[in-house]
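Going by UniProt numbering, 25 is the number at position 25 of the sequence shown; the sequence numbering is gapless. Structure, as structure tokens:
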Amino acid sequence: MVSAVRRARPDLGLTVSATTRAPRPGEVDGVAYSFKTDAEFDAMVEAGEFLEWAHVAGHRYGTPVSEVERVLASGHSLILEIDVQGGLNVKRLMDDAVLVFIEPPSMEELERRLRGRGTESDEDIALRLGQAAGETALAASYDARIVNDDLDRATAELLSTVEAFESE
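Quick look at the structure:
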């Protein structure tokens, strides 16, 4: 969805998140993610280099402050692809942030999508499904919710939501 929104709105900035998970096939360091060892990630946390970071599915992910500053300095709005706890942390630090909760139509569909990727173990999928259930309970804290039941419709709704909040 975010890729499609950015094709329609190339002016929306996107940060490169850091993660402790291993790259999936085809992922390039510094493009989709900046891949870090646990020690490197720990050092970044200790140095206060993250706007937000969280444990997700057995790994850590974080948004470097330097990435956020880089995009905002260009005068563009920023779109972050982060988990629920990360979003809530960003909102605490940046009160003008707009949180949009993207949810699957059902937990069964989420499991089907995760299995369809073929990139995660049964254990990882079970962990992600458990976390998704808890995250859905926090969706009420977000400014908007979009059910990703049809990619084109959900993408159009996300684009419309971004533009509506930008015009306020």
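Backbone N, C-alpha and C fix where the C-beta goes; we use that ideal spot for every residue, glycine too.
Exercise. By how many angstroms is the C-alpha of residue 16 removed from the C-alpha of residue 28?
Worked result: Taking the sequence shown and counting its residues from 1, one reaches residue 28 at position 28. Taking the sequence shown and counting its residues from 1, one reaches residue 16 at position 16. Near 11 angstroms, if we compare the C-alpha coordinates of residue 16 and residue 28.
Exercise. How is residue 88 classed by DSSP in three states: helix, strand or coil?
Worked result: As a first step, residue 88 must be located in the sequence shown, where it is residue number 88. Here residue 88 sits in helix by DSSP.
Problem set entry | Sub-8 angstroms separation of residue 142 and residue 110 beta-carbons | Indexing the sequence shown from 1 puts residue 142 at position 142. Indexing the sequence shown from 1 puts residue 110 at position 110. It is not a contact, given that the beta carbons lie outside the stated cut-off.
Exercise. Are the beta-carbon atoms belonging to residue 54 and residue 85 less than 8 angstroms from one another?
Worked result: Taking the first residue of the sequence shown as position 1, residue 54 is located at position 54. Taking the first residue of the sequence shown as position 1, residue 85 is located at position 85. Their beta carbons are under 8 angstroms apart, which means residue 54 touches residue 85 by this criterion.
Problem set entry | Identity of the residue in 40, 77, 76, 74 nearest residue 62 by Cα | If you number the sequence shown from 1, residue 62 lands on position 62. Of 40, 77, 76, 74, the residue nearest in Cα terms is 40.
Problem set entry | Span separating the alpha-carbon of residue 65 from that of residue 131 | Numbered from 1 along the sequence shown, position 65 holds the residue referred to as residue 65. Numbered from 1 along the sequence shown, position 131 holds the residue referred to as residue 131. Taking the straight line joining both Cα atoms gives about 25 angstroms.
Problem set entry | Closest residue to residue 154 among 77, 46, 105, 48 (Cα-Cα distance) | Residue 154 sits at position 154 when you count from the first residue of the sequence shown. With distances taken between Cα atoms, residue 154 lies closest to 105.
Problem set entry | Range of the contiguous alpha helix (DSSP H) that encloses residue 31 | If you number the sequence shown from 1, residue 31 lands on position 31. Note, residue 31: premise wrong, no alpha helix (DSSP H); not H, not E.
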